[in-house]
Structure formats: structure tokens, C-alpha cells
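Chains A, B, C and D, in that order, give the protein sequences. All letters in the first sequence, in the order written, are residues 1 to 258 by my numbering. All letters in the second sequence, in the order written, are residues 1 to 258 by my numbering. All letters in the third sequence, in the order written, are residues 1 to 279 by my numbering. All letters in the fourth sequence, in the order written, are residues 1 to 279 by my numbering. Glycine residues also receive a C-beta, built at the ideal position from the N, C-alpha and C atoms. See structure below.
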Amino acid sequence: MTAASPSEIMTIVASRLLSNGTICFVGIGIPSKAANLARLTHAPDLVLIYESGTIGARPEVFPLSIGDGELATTADTVVSTTEIFSYWLQGGRVAVGFLGAAQVDRFANLNSTVIGNYDSPKVRLPGAGGAPEIAALAAETFVIIEHDKRKLVEKVDFVTSAGFLDGGDSRQQRGIRNSGPSVIITDLCCFRPHAETKELTVTQLHPGVTREQVRNATGWSVKFADEIFETEPPTETELDTLRDLEHRTELAHRGSGA
Amino acid sequence: MTAASPSEIMTIVASRLLSNGTICFVGIGIPSKAANLARLTHAPDLVLIYESGTIGARPEVFPLSIGDGELATTADTVVSTTEIFSYWLQGGRVAVGFLGAAQVDRFANLNSTVIGNYDSPKVRLPGAGGAPEIAALAAETFVIIEHDKRKLVEKVDFVTSAGFLDGGDSRQQRGIRNSGPSVIITDLCCFRPHAETKELTVTQLHPGVTREQVRNATGWSVKFADEIFETEPPTETELDTLRDLEHRTELAHRGSGA
Amino acid sequence: MSKYSPLADAIQTHISDGDCVALEGFTHLIPFAAGHEIIRQRIRDLTLVRMTPDLIYDQIIGMGCARKLIFSWGGNPGVGSLHRFRDAVENQYPNEIEIDERSHAAMAASYAAAASGLPFGLLRGFVGSDLLAHNPNLKSIDCPYTGERLATVPAIRPDVAIIHAQQADRVGNVHLWGIVGVQKEIALAAKRVIVTVEEIVDKLDAPPNACVIPAWVVTAISHVPRGAKPSYAHGYYERDNEFYRSWDAISRSRDKFSAWMNQHIMRESFETLHGEPML
Amino acid sequence: MSKYSPLADAIQTHISDGDCVALEGFTHLIPFAAGHEIIRQRIRDLTLVRMTPDLIYDQIIGMGCARKLIFSWGGNPGVGSLHRFRDAVENQYPNEIEIDERSHAAMAASYAAAASGLPFGLLRGFVGSDLLAHNPNLKSIDCPYTGERLATVPAIRPDVAIIHAQQADRVGNVHLWGIVGVQKEIALAAKRVIVTVEEIVDKLDAPPNACVIPAWVVTAISHVPRGAKPSYAHGYYERDNEFYRSWDAISRSRDKFSAWMNQHIMRESFETLHGEPML
């Protein structure tokens, strides 16, 4: 078996953070990959909720879209999109919101709206989707993002979903009641918010990754926690399961276009 | 065939007011009888909505309760009670709200809450149920009530559901947007609100009923319209269909307790 | 991780004196067996919540378990009054009962608000009704867009919701169908949820958009066949309309009511009356 | 009383230049065929509404039919950007497009409010988000009970909603299942409703609590098998993920997009591309 790629490590590390039985509201893409990997390894009773209304989905392959038929077929129940946001997310049923973004900043604010100015953007991104409310209403959120200077920035161009805003207690001051982002997982490391300043601080490095690498790939003058953990390397089971899933997904999505 | 009883005439007259294709929100009891009679005679495409969430119910027997299984089994669809009030009634989908009450007054206000004082009532009645919103949100309402001095009163002890309040434009002044009660059907006659004062005025007498009878059975000094129509006697079809229904209902409800 | 337990245990563990409890069911699937267990356990000072309090609430109130009722229509459907409820309101017998009275639309909005994690529900409600003057909980706000005045009701978040359903699987995922009323809403509005079910199945064969309540929302579940009798369970048994009619005479007199309750609910089991025994 | 008509007639009769139109579908049952008909009829100045504008909105925008978009997520799911949408926002090509941007929860609340006859929806939404500063439609109110500040969104009441469903009966009662998104809400929110369906059946065999839209809510209905291609219809055909992927390259260049649209939508029929012809 070839060694795990940085992207595979990121997915595997993220999956480990989801404990069995957790109710998890999953964004599409890598969050969905990580959540399903967790479900197929150490957390068989992880409950996956997608904003398309599928509760308890158990897809056999990664969905390409958040509303793939695979999600509905394998779910315990499928409710309207209205209901998923009102009764389930806003109703306080979700323990972990699992999000991606185009940019994350030093205080864990997320941008998925525009690069540049809102009224005349350099790049118009898809937009908020469910993220602002997932970020504000799940008990806590995990964020997963590729480690890149243009993605991990000092200040996001647009706060789509509030992290710790300007740091300190500014999130609480604005009336947001949940605890917010508890971890940012990248392909190099994990950040966690500093207990008081809420600045994202490196707490964990993936195997073989140096502080220098992290510094060079981060858009702010990055701080490291006093104690840094080294990520356990992927187990064979984790890597096998992930690659199997990727392979099945590849075949399934290639086939369905006929 | 024996002649129609006053109560049968009341039901039949009420049924005639429902034209085919109308979307009708039906209260239990005589409103439900009248609506189903209409459906089985001249208005086969009458759409019956019950507050239990059944849309397009076509019961073979009169339901005893508003949530009888018969309603669900024969309906086009069954939605939650939350949805029936929000999307269907409040959403403006209902043309006719069909209500009963314990008391109706001179300005068509309905009482189904208490006889006497609210805080120490002589008789505690079941209460509002869906009536206040049916009365305010169906495009118009029909009210059916037995003609009795204690039921047709000068002023209701408690306004459960607003009719024309103090008459004139007081209903509009309070911000109620629909047109309100358009007819009160009793076992003696029909009242309609006067165009300006909104006082309930007799516009129609059932076969053989005298003005004197109406005066004696009404709790206020009752006015008669310039032109009074005489109710067409029940046709054989109407009476047959109604009695058939009553008979089937009797058998069905006796049977189900086994 | 089984959440199954005998009904008596579920009631004893999760309901205490003074709790706010909703046994919901819109004519259909009314959790009678659970209500009887509350009475047998002589739980006291309950705040009872329900859109359509009917016979089971008449019994709970008549047996002196309730101190307050939040409701919108309290009657014996198609028959008439609830005499024990009336006796409590009109004569404070067996005890005074406080009431918080709303309309159906307002109750539904209160439940939906709680299920949605909102402090209040918004509706076009009870304009011109005297309910407004008698219930300080009914308020209004101005629309920030049109300036229209709209009605508001506070969310209702009971300590315990009890519902009866047709089926559950072995994990405790619950499936109900037919007239589903506000059961999903009350289950999601409450802090704890007790479910009784007609049947336990290996696998719920629920249609994709059915009314399913996932096991992880349920606090405790009990297998109680005929647990909704004398109301009905769509697909299992019909409504016992005769019993509803006979209740009028039973409940009209205090003595007759007491005797009936002692015989059928307190001493013997209700099931002698309504068919096969509960498990 | 049949409401059935050919799709082209339904679009021509019920949609005019300048209308506010919502073609809804959360990945599933997206009414592509109806969108293509809008393009072929060169309807202009539309206000487009949708939670998840995807390829069909990219096409409508790219062909110059839209002047405004109310939305919450505009992308090619699992693939990336909508290049025609981006070109309109970033470069005003083929024309300037005004945007009213909300979150999913806010859009859903806007639809539900309109379906419920309310002027606004209430939610715990977008606190701390810059969306608030850029969209004057997003406001807030104080809870009359707790004093908490809550978010509000104005109701969205489109002139026309278009949805695709699996089945309808001959009268026009519509049944959809699987991921039903906000289709019932938008159908009830809009002034007029156009439905396209996969199949006409003699009798809907819908479960009791299924997502059914009664015929009397529907303005016009058209039988359009494969009318959701390249999205999918649960139980009929799968999502054409390959097409979604290939759209990225087609839509990236203005010329390539124009050529493709002319060939597949304007001149030939889309169905040559996606299988059996429409009826």
C-alpha cells in the first residue's frame, strides 16, 4: 500500500474526531468523506444529517452532491429542507457541525461568499448555503480546509459564518450561544482556538510535518501551543476503508451518467 | 318517506350553500354532515379539509370525531396539524370555513368557550379549537346552529371567534381581513348580515316556519329583510342521501366498539 | 443501548410531581395506557398540555393529578363535555385547576416554536377574540417589513412528551402514520420523550418521507399493544366510539367516576376492559 | 377540468417578462425541461429565486433571461463554480444581475412564511455574518417574552413556482418522494404553480403522509418524462454526475457555452442529449 497522502491524512484525522453516536450535520465534500469514514470504522452509530433533509444517511459511496439519491435511500427518514433547518438544526439536535470553506481566518471565521469586495468581487464563490446557521446552532463545529496561504488568511474577505469574530469574547457578545469552532483540520496540522484570545493555535502536527512548513503555508504569524501532539499515522484499516470508498465512488459516479 | 325534520332541513339547506369545487374547512358535527351531504349530492368535487390534517377527505359515514380513521383513509393526503393551520388555513387556501358554536349573537360573534363569566363560569364549554382562526382566515364562513333563545343571543358571553364584533366596520377596524360570516343557518331560517350595520337579518324562512316562531326563538329583537325567500323543500334525493348516511353511520359506530 | 423498558418503569423514572407533561394525539393514537400509569402512580401537581384534552385528561384531572392545563379544546369529541374537567373548572373539584387557554393554531405554533428552538411562535391568530383579554401569554408584534400587527404565542417546552405510535424497530426508531397530529412537534419540543408502541418490528418499512422519530430523540420506549385504546391505531384497531359515548354517563357523577376508576384503572387493569393484556 | 397542457403552452401562458420565478429542487427533481423552455421562449428580466441555483440557472442567466437572483448557494454541486453566474456577477455579462443573498435556513424560512400567509419568517439566523451588512432585507426583532433578538427574513411569494415530480394522477394531484426539499413550500408560496411530471398514473398510490400537492393548488401540469435530467428522479433515473462534471468546461468560456446552448437547447432538443424524447 502506498503511503497516505496529505489529503488522506486530513480526512482520516477529521474522521477520528467524531465519536460513536454523535449527531453530526455534514457539509458536502471532505466533511462528508470524513464523517462516512468514521461511520465505517470506529463510529458505526454516528448519525449523519445532510441539509437536503436526510437523517441517519448511510451512503455506500461518497455523494457528489448533498442531495444524491444514495443519501435518501439509506436514511432513516427524509424530511423537507424547511424542517431540517427548523426542527433539527435550530431545534438544537446537532452536536457537531462539520464544515468546509474557501477561507478561514485567525479567529476561525469562515468565508464561502466572495474573494475581494462583495459588490465587485474578484471571485464570486457559491455562497453561504447552510453554513452560517450550522456554525451558530450546532453545539460545536469542526472545520476542514486545505492548508494554503490563500485559504488560511489573517482576515477573511467576507464573514459568511461567524467563528470567534474579533477574538476574545466577541462571539458571545454578539449573542451566539454555542461554543463555536473547536478544531480546524488541515492537511498539515490541527488548530484549536486559544482558551482566552480564541486565536487559532497549532496543537497537533501530522506525521513528518515541520513547524516551518505550517508557518510558510499560513497567512498569519502562526502560534504553536506549548504542547504539540503528533498525529498518529493512519492505520491500515483507516486507509483501506477510505481508498475503498473512493474507489467505489469513482465507479458509481462514472456509471450513473449513461 | 316521513317528512323532513327541522334538523334535517337545516343540514340540507347548509349543504346547498356549498358549490362544487369549493375548498371547505369543516368543523365536526352538523357542519361535517352538511358538507358531506353536499359532496354526495350536487358537489362531488367539494374539497373537505378537517383540522386533524386530512385534505380531500371523502368519508362514507359521518365521522364522530374530527380525527376518525375514516377521514385519513379516504383523504388525498394527511398532513400534520401544524401544517393544516399554517400552510393551508393561514396560507389562504380555504374558501369557506364551516362552523358550529354554542352561542351566536346579533353581530355573528361565536362563543364556544364559557356560559357566564370566564373566571367562574356557569358552564365551561370545550373551548376555541380551530374556530378563531377558521373564522378569521377562511375567505368567508358559514355558521350552523340550532335555533334557540339561549343560543341566538343579543351578546355572546365570550367572543371565541370574531364575527362582526360591534357591527358596522368594527371587524375591518380590528384588522381582520376576510369578509367574515356570510350566513347563519338554523333549523328555522337563514340569517345574513346587513350590508352596512352587519346585524344578522333573516333573509330566508324554511318551509312552514313563521316570523313569529323565529321571533320567539331568537334572543334579540330580530329584523327581517325586505325580501324573504322561502327555502325550497328538501328533494327526495337530498333526504334519502342524508338518511342513508345517518343509517350507515349508526351501523358503523355501533360496530366499532367491539 | 436499548431504550425499552416496562411502561411503569418509564413513567416512574421520567415523570415527577410538578412536571409539565404533554400526552398528545389528535383523536388518533392517544396514549391512554401511559395516562393510566400516571394515575396509578399517583403523580401530583402536573401541568398538563394538550391541544385536545379528552377522556384521558378527564381521568387524570378527575383523579387529582393536575394543577394546570394548557389547551385549546377540551371535550368528548362528537359526544359533549368532559365532566371531570368541567367539575374542576366550575367547582374546583377535586382541586382548583389553572388554565392557559389558546386556539388550536396557537397551540400548534407553540409546539412548532419549541421544536424549532424559538422562544415564540408567530401567527395570524385570535384577532378580535376574548381569549386575548384572558390570557396574558397571547401577545403581538409588528412586522418589521409591512408594519402589520401579528399574534405571538410563547413556545411550550414540556418536561415530558408522551406519544403512542404504531411501530418501532429494536433500536427504538419510531414510525407513525395516518393522522399524525402534532406528535413529531411535541416529541421535539419536550425535554424528555416517552413512546409507547403497538408493535416492535425488525425493520421499519417506512416510506421515505414518513413520520419517523429517530431513536436518538426518544428517552424511553415501551411495548404496549392496544396502548391507545379506546382511541385508535390506524392499521391496528378502530376507535371505540361506544366507549366514548358511555364515558358521558360514567363521568357525569363524581361517585360513579371514582368507582369506575377504582375498578378499571386503579385495582384491575384497564386491559380487562379493552382486550388483550399488555406485555 | 384537466389542467394538463404541453409544457411550451404552460410556460407561455403563465410566465411573462419581468416575473419572479422559482424553479425549485434540492439536487433532486430539478425542473430542467421547464427551464429550457423558458430559455427557448426568450423570456426576459426574470427575478429568479432558488436556494441552490445550479446548472439550469447558470443556463438561464447565461442566456440573458434574468435581471435578479434571490438565493443562498450558487454552485455546481461537488464540482465547483457556476461560470455563467460568476460572469454575470463579476463582469456583468451578458447583463448586470442584482442579487439578494440569504442563507439556506433563511430562504427556507422565507418560503415557509409565504406558504403560511405571513409577511416574514423568524429564525436564529446569520448572527455575526457579513450577509447582514450587505442585505437590507435581513432584519431582526425582539422576542416579546424573553427580549432576545431574533432574525427575520421577508416572505418570498414568487409569481410562478415550477417543480418536477415523479407522479400525478389524471386530475392533477401530484406526488413526489425522496428528497422533497422545499417543493411543497414553494408551490404553496407562489401565485401560480407549474408542475412537470415523470409519469401519469390512474391512481396515486401515495402513503398517507406522503408529500402530495392537491390538483387544486396546481395551475398547470405537463407530462415531461425525464424532465429533471441531468438531475435525477428517485425511482426513475439517477443523477447524471458526468454531465455535471462536463458542464464545468462547457460553461467556462462564453463561446463554448453559446455554441452548446444553441446546439442542444435552442436548435435541437435537449432530449437528444439525455435520452428518450419528451411527450
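Could you run through the region 162 to 180 of chain B and flag, in chain order, every residue whose CB is less than 9 Å away from some CB of chain C?
ALA162, GLY163, LEU165, SER170, ARG171, ARG174, GLY175, ILE176, ARG177
Look up PRO214 of chain C in the DSSP assignment and say whether it is helix, strand or coil.
coil
Beta carbons nearer than 7 Å to chain B: which residues of the region 7 to 23 of chain D have them?
none
So which residues of chain D does TYR87 of chain B contact, with C-beta pairs closer than 7 Å?
ALA115, SER116, LEU188
Within chain A, the residues that TYR93 of chain D reaches when beta carbons sit closer than 8 Å
Here the premise fails: no neighbours, minimum Cβ distance about 12 Å.
How about the region 27 to 36 of chain B and the region 5 to 14 of chain B: do they share at least three Cβ pairs that are nearer than 8 Å?
yes
So which residues on chain D does TRP247 of chain C lean against when the C-beta distance must stay under 8 Å?
Chain D residues near TRP247 of chain C: none, gap ~28 Å exceeds 8 Å.
Whole angstroms is fine: what's the gap from ILE55 of chain A's alpha carbon to GLY178 of chain D's?
12 Å
Would you mind stating whether PRO181 of chain A and VAL143 of chain A have Cβ atoms separated by less than 7 Å?
yes
With a threshold of 7 Å between beta-carbons, can THR197 of chain B be considered close to chain C, or not?
no
Beta strand (DSSP E) runs wholly inside the region 105 to 186 of chain D, at least 3 long, in chain order
120 to 123, 139 to 142, 149 to 154, 160 to 169, 174 to 176
Between D:ILE250, D:SER253, D:VAL21, D:ARG245, which has its C-alpha nearest GLU250 of chain A's C-alpha?
D:ARG245
Assess, as a yes-or-no matter, whether the region 64 to 74 of chain C is touched by the region 103 to 122 of chain C under the definition of 3 or more beta carbon pairs within less than 8 Å.
yes
By alpha-carbon positions, which one of A:TYR87, A:ALA102, A:ASP119 ends up nearest to ASN91 of chain D?
A:ASP119
So which residues on chain C does PRO121 of chain B lean against when the C-beta distance must stay under 9 Å?
ARG86, VAL89, GLU90
Taking TYR87 of chain A as the reference, give the member of C:ALA189, C:VAL127, C:ILE43 with the closest Cα.
The shortest Cα separation from TYR87 of chain A among C:ALA189, C:VAL127, C:ILE43 belongs to C:ALA189.
Across which residues does DSSP place HIS28 of chain C in a beta bridge pair?
Answer is C:TYR232, bridged to HIS28 of chain C.
Suppose the cutoff is 8 Å on Cβ atoms and the five residues either side in sequence are ignored; what does the same chain contact list for PHE21 of chain B look like?
It should be noted that the sequence gives Gly, not Phe, for residue 21 of chain B. Answer for GLY21 of chain B: ALA43, ASP45, LEU46, VAL47, listed in chain order.
For PHE158 of chain B, the first and last residue of its enclosing alpha helix (DSSP H):
Neither: PHE158 of chain B is in no alpha helix (DSSP H) and is coded neither H nor E.
Residues within the region 203 to 220 of chain D neighbouring chain B, beta-carbon criterion of under 9 Å:
LEU204, ALA206, PRO208, ASN209, ALA210, CYS211, VAL212, ILE213, PRO214, ALA215, TRP216, VAL217
Would you mind telling me which residues of chain B sit closer than 7 Å to LEU123 of chain C, beta carbon to beta carbon, in chain order?
Residues of chain B passing the Cβ test: GLN90.
Would you mind giving the Cβ-Cβ distance between PRO144 of chain C and PHE120 of chain D, rounded to the nearest angstrom? I have them listed as a contact below 8 Å.
7 Å
For PRO49 of chain D, would you say it is in contact with chain C, using Cβ-to-Cβ distances shorter than 7 Å as the test?
It should be noted that the sequence gives Val, not Pro, for residue 49 of chain D. Any Cβ of chain C closer than 7 Å to the Cβ of VAL49 of chain D would place that residue at the interface, and such an atom is absent.
Alpha carbon to alpha carbon, what distance is there between ILE97 of chain D and LYS122 of chain A?
Cα-Cα distance, rounded: 16 Å.
In whole angstroms, what separates the C-alpha of ALA151 of chain C from that of ALA136 of chain A?
Distance between the alpha carbons of ALA151 of chain C and ALA136 of chain A: 27 Å.
What is the DSSP secondary structure of HIS247 of chain B, counted as helix, strand or coil?
helix
Straight-line CA distance for PHE85 of chain C to ILE61 of chain C?
6 Å
Give me, in chain order, the residues of the same chain whose beta-carbon lies closer than 6 Å to that of SER161 of chain A; leave out the 5 immediate sequence neighbours on both sides.
LEU110, ALA131, PRO132, ALA135
N- and C-terminal bounds of the beta strand (DSSP E) containing LYS68 of chain D
66 to 71
Backbone secondary structure at ALA22 of chain D - three-state DSSP
strand
Contact list for PHE158 of chain B against chain C, beta-carbon separation under 8 Å
Here the neighbours are ASP130.
If the cut is a Cβ gap below 9 Å, which residues of chain B does PHE120 of chain C touch?
Within 9 Å Cβ-Cβ: nothing; PHE120 of chain C doesn't reach chain B, min ~15 Å.
Rounded to whole angstroms, what's the CA-CA distance from MET261 of chain D to ARG252 of chain D? Just pull it up for me.
13 Å
Of all the CB atoms in chain B, is at least one closer than 7 Å to the CB of HIS175 of chain C?
Cβ-Cβ to chain B under 7 Å: no for HIS175 of chain C.
Quick check: the Cα distance between SER5 of chain C and ARG267 of chain C, rounded to an integer number of angstroms?
22 Å
Closest Cβ-Cβ distance between ILE163 of chain D and chain A: below 7 Å?
For ILE163 of chain D, the closest Cβ of chain A is not nearer than 7 Å.
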